[in-house]
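Quick note on full-length UniProt numbering: the sequence shown kicks off at 1 and runs consecutively.
Glycine residues also receive a C-beta, built at the ideal position from the N, C-alpha and C atoms.
Single-structure report; data block below.
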Amino acid sequence: MVTLIIAEKPNVARKIAYALAEGKPVRKSIGKVPYYEFTRDGKRIIVAPAVGHLFSLAPKTKTYGYPVFDIEWVPVYVAEKGKSYAKDYIKALATLAKRADEFVIACDYDTEGEVIGYTALKYACGVDPAKAKRMKFSALTKKDLLRAWYNLEPTINFGMADAGIARHVLDWYWGVNLSRALTSAIKRASGKWMVLSTGRVQGPTLKFLVDREKEIQNFKPTPYWVIKMLLEKNGQQYTAVYEKERVLDEEEAKRIVEEAKKGPAFVEKVEVRQQKRNPPVPFDLGTLQREAYSAFGYSPKKTLEIAQKLYERALCSYPRTSSQKLPKNLNFRSILQNLAKLQEYKPFAHELLGKERLKPVEGKKDDPAHPAIYPTGELPKPGELTKDEANLYDLIVRRFLALFMEPAVREIMKVVINSNSHRFILGGARTVKEGWLKVYGKYVKFDEVVLPHFREGEPVKVIQIKREKKKTKPPARYSPAAVIKKMEDLGIGTKATRAQILETLYSRGYIEGKRKIKVTPLGMRVVEALEKNVPDIVSVELTRAFEEKMEDIMAGKADREGVIEESKDQLIKILKVFKERELDIGRMLMETTGTGATTSKTAARKAGVVKELSEEEEKEVKKSVDGEKGRKGPLIIGKCPKCGGDLVVRYNRKTGKRFVGCSSWPKCNVTYPLLQRGEIISTDKTCCGGAPVVKIREKGREYEICVDMNCRDWKKGKR
1 MVTLIIAEKP NVARKIAYAL AEGKPVRKSI GKVPYYEFTR DGKRIIVAPA VGHLFSLAPK
61 TKTYGYPVFD IEWVPVYVAE KGKSYAKDYI KALATLAKRA DEFVIACDYD TEGEVIGYTA
121 LKYACGVDPA KAKRMKFSAL TKKDLLRAWY NLEPTINFGM ADAGIARHVL DWYWGVNLSR
181 ALTSAIKRAS GKWMVLSTGR VQGPTLKFLV DREKEIQNFK PTPYWVIKML LEKNGQQYTA
241 VYEKERVLDE EEAKRIVEEA KKGPAFVEKV EVRQQKRNPP VPFDLGTLQR EAYSAFGYSP
301 KKTLEIAQKL YERALCSYPR TSSQKLPKNL NFRSILQNLA KLQEYKPFAH ELLGKERLKP
361 VEGKKDDPAH PAIYPTGELP KPGELTKDEA NLYDLIVRRF LALFMEPAVR EIMKVVINSN
421 SHRFILGGAR TVKEGWLKVY GKYVKFDEVV LPHFREGEPV KVIQIKREKK KTKPPARYSP
481 AAVIKKMEDL GIGTKATRAQ ILETLYSRGY IEGKRKIKVT PLGMRVVEAL EKNVPDIVSV
541 ELTRAFEEKM EDIMAGKADR EGVIEESKDQ LIKILKVFKE RELDIGRMLM ETTGTGATTS
601 KTAARKAGVV KELSEEEEKE VKKSVDGEKG RKGPLIIGKC PKCGGDLVVR YNRKTGKRFV
661 GCSSWPKCNV TYPLLQRGEI ISTDKTCCGG APVVKIREKG REYEICVDMN CRDWKKGKR
């Protein structure tokens, strides 16, 4: 019997092999792909890696129109450029599968990991996925991997696999079809090729960012006045604020100041109370991303990438989790004993090890697949971690230590000062018991405002009472971390995909700004055009409904194919409306509003949105769009005066600009420039030296023009 274990990545395969082997595993390779052989309990075992997704969805027939629903799983290097390396991994798994009698999936235990394992088994190994067993683990320590090996699940998790496959299909249906529809709309409206995109989650996410941008743009500041009292006690100056934080009328503010100045001022009331602050709950992925952004300025995507590296080194548990609860069987004492070996954590770990009982604080959120993020107790080697990795590791470790510590205690002081029946508030706060702040205080900032002793009835020495004019501020722009939180609150995307959705919006040129996100004119126009014509594309409710259905698939409450068909039917209705309004949508996308369409196109080009089409793609896409006008192939506008061939409208692959060229190119090099706006109509007329005359239809008017730029009528712009 030979057992083949399939891991998600090469370094994870190595971890598994060294954890399970009795002795040292033998490293071998097929081409450039490493794999490991060893024995365990008399059984021969091979551990081989995938390299993420080895298979992807693609249309069965090559086409550039829409809608397209006839898709299939193909090797990822066939579906995507730059993935040729995957060919070696598919070949290696296919070869090793022929030697195996038993199969075990050991990919990450989530929907994506289950899809990776499922497709690797079915399409690379040629094995029925139902025949494979499953290793389930949340950390890559030897102890965790051995436990997973001796407690193999009888099958892969088909609930997760079905939910993951459904998500891939839905994302392909919506993303590809809607993106093609947008591109087609711009082509019809302008004659230019400008590739835009949207998707099932991307659209609603951009929508709430646009809503915030409009709030900011439409915001009209309102003036108000703040009244402050500057007082002195024991040689120190302090500022008290009028009990009504905002005074909206200037005359009222003047009156209050004048009356309060008359005094006398005295302490009317002193309130001192203690406030207990419990330790923060364990990290789920979203909380880790927000905290890392606050502490280090890391984007959500960067935080996930770093956490994944720490996980693959067995330094922390699996990061793609929504749980705020730690495993019940986790050996806290063992982890603390190991962390105590690192000097920076030694005093805190020793303090906790002195406790009779270790009970961590936990949050409300749970995840059936994985616990909250925690340090495993495995220690990094000196110099092993980069600065970013060391930062995130420190954040995770300190958060873990804080979970077992005593609450912090804050003293809150409120002094009410009465001056001629007008009350001012002087506030102070200080930490009287550090508790968990001893270890985690570097990542939590509390204001320390220490006030002197005040007694009720004592007079107050007032130095100045003044009013300050201020204006209300518009809503703050979202930070990247705040976008992730908003998506989580709205129930769109998943813990594993939200950061990538945000990165996609950046790469499409829809948003800009790394700390405070601003929607570009292009992003604004995309949402405005869709919201006006096909609002379901940017509907949070529709997206959330399908997210919930995929949760139902995972729980066995819904059928995968049923959800896919329902989504397909919904999309067909949306695309039908889109086609009817395609020209209007295209015109809206190209309209000049504010900074103009040129700015949008420039932003899009910088972001790589304007796509350079190959000649074959250009022909196919032109067929799909121009076919609606009853044409097949390129538009012929006349005969070539040099060789007699057809003169056709062509597009420059680099610039996207249209021009007239001979169909016999490159044998015949005759070309003419064209105006880049308006619809072109053949007239069968000729002018200078046999150059064709074309009709331009633009914004409700028509005119004819010779395509030879040396024609005297060229400079006039029309005949």
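How would you call residue i, buried or exposed, if buried means at least 16 neighbouring beta carbons within 10 angstroms?
i: Glu-488; result: buried
i: Ala-120; result: buried
i: Thr-222; result: exposed
i: Leu-248; result: exposed
i: Gly-377; result: buried
i: Gly-354; result: exposed
i: Ser-479; result: buried
i: Pro-382; result: exposed
i: Gln-324; result: buried
i: Lys-187; result: buried
i: Asp-367; result: buried
i: Arg-508; result: buried
i: Lys-328; result: exposed
i: Glu-213; result: buried
i: Asn-218; result: exposed
i: Tyr-150; result: exposed
i: Tyr-85; result: exposed
i: Phe-266; result: exposed
i: Met-1; result: exposed
i: Thr-321; result: buried
i: Phe-334; result: Before going further, note that residue 334 is Ser rather than Phe in the sequence given. With fewer than 16 other Cβ atoms within 10 Å, it is exposed.
Need the endpoints of the beta strand (DSSP E) that residue i sits in, please.
i: Glu-22; result: That residue, Glu-22, is in no beta strand (DSSP E); it is neither H nor E in DSSP.
i: residue 720; result: What the structure shows of the chain is the stretch from 1 to 719, and residue 720 is not part of that stretch, so it cannot be assessed.
i: Phe-296; result: That residue, Phe-296, is in no beta strand (DSSP E); its alpha helix (DSSP H) goes 285-296.
i: Ile-680; result: 679-686
i: Gln-324; result: Looking at the DSSP string, Gln-324 is not in any beta strand (DSSP E), and its letter there is neither H nor E.
i: Gln-236; result: 236-242
i: Asp-110; result: Asp-110 -> no beta strand (DSSP E), and no H or E assigned at all.
Have a look at residue i and residue j and give me their C-alpha separation to the nearest angstrom.
i: Leu-96; j: Cys-643; result: 60 Å
i: Arg-631; j: Ile-537; result: Low local confidence applies: a pLDDT of 41 at Arg-631 is under 50, so the model's placement there is unreliable, and no value is given.
i: Pro-129; j: Tyr-118; result: 6 Å
i: Pro-280; j: Lys-244; result: 33 Å
i: Glu-351; j: Gln-500; result: 40 Å
i: Lys-122; j: Trp-73; result: 10 Å
i: Tyr-506; j: Val-115; result: 27 Å
i: Val-660; j: Thr-671; result: 5 Å
i: Tyr-293; j: Glu-503; result: 15 Å
i: Lys-466; j: Gly-263; result: 14 Å
i: Met-588; j: Ser-190; result: 11 Å
i: Glu-458; j: Trp-436; result: 37 Å
i: Val-12; j: Pro-49; result: 8 Å
i: Ile-227; j: Ser-184; result: 59 Å
i: Lys-471; j: Arg-246; result: 10 Å
i: Leu-379; j: Lys-341; result: 9 Å
i: Tyr-298; j: Lys-365; result: 24 Å
i: Ile-90; j: Gln-570; result: 35 Å
i: Pro-452; j: Lys-233; result: 8 Å
i: Lys-387; j: Phe-348; result: 23 Å
i: Phe-69; j: Pro-59; result: 7 Å
i: Ala-607; j: Glu-702; result: With a pLDDT of only 39 at Ala-607, under the threshold of 50, the placement of this residue in the model should not be trusted; the figure read from the coordinates follows. Rounded to whole angstroms, Ala-607 to Glu-702 spans 35 Å at the Cα level.
i: Lys-142; j: Glu-37; result: 17 Å
Contact check, residue i vs residue j under 8 Å by CB: the rounded distance?
i: Gly-428; j: Met-413; result: 4 Å
i: Ala-106; j: Ile-5; result: 5 Å
i: Gly-65; j: Glu-8; result: That pair is no contact at about 36 Å.
i: Leu-145; j: Leu-326; result: The Cβ separation is near 19 Å, so there is no contact.
i: Ile-396; j: Phe-283; result: 7 Å
i: Thr-3; j: Glu-102; result: 4 Å
i: Leu-310; j: Leu-392; result: 7 Å
The ligand GDP and residue i: does the residue's C-beta get closer than 6 Å to at least one heavy atom of that ligand?
i: Arg-697; result: Absence of the ligand GDP is noted for the structure shown, with no ligands found whatsoever.
How would you write the range of the alpha helix (DSSP H) that residue i sits in, first residue to last?
i: Met-413; result: No alpha helix (DSSP H) holds Met-413; the beta strand (DSSP E) holding it covers 408-419.
i: Ile-256; result: 250-261
i: Pro-521; result: 521-533
i: Ser-190; result: 158-190
i: Trp-149; result: 142-150
Legend entry - Stretch pair the segment 299-307 + the segment 438-451: three plus CB contacts closer than 8 Å: no
Inset, instruction - Could you tell me whether the segment 516-533 touches the segment 461-479, using the rule of 3 or more Cβ pairs below 8 Å? - result: yes
Legend entry - Three CB pairs or more closer than 8 Å across the segment 694-706 and the segment 676-683: yes
Inset, instruction - Say whether the segment 202-213 touches the segment 520-528, bearing in mind that this needs 3 or more beta-carbon pairs closer than 8 Å, one atom from each stretch. - result: yes
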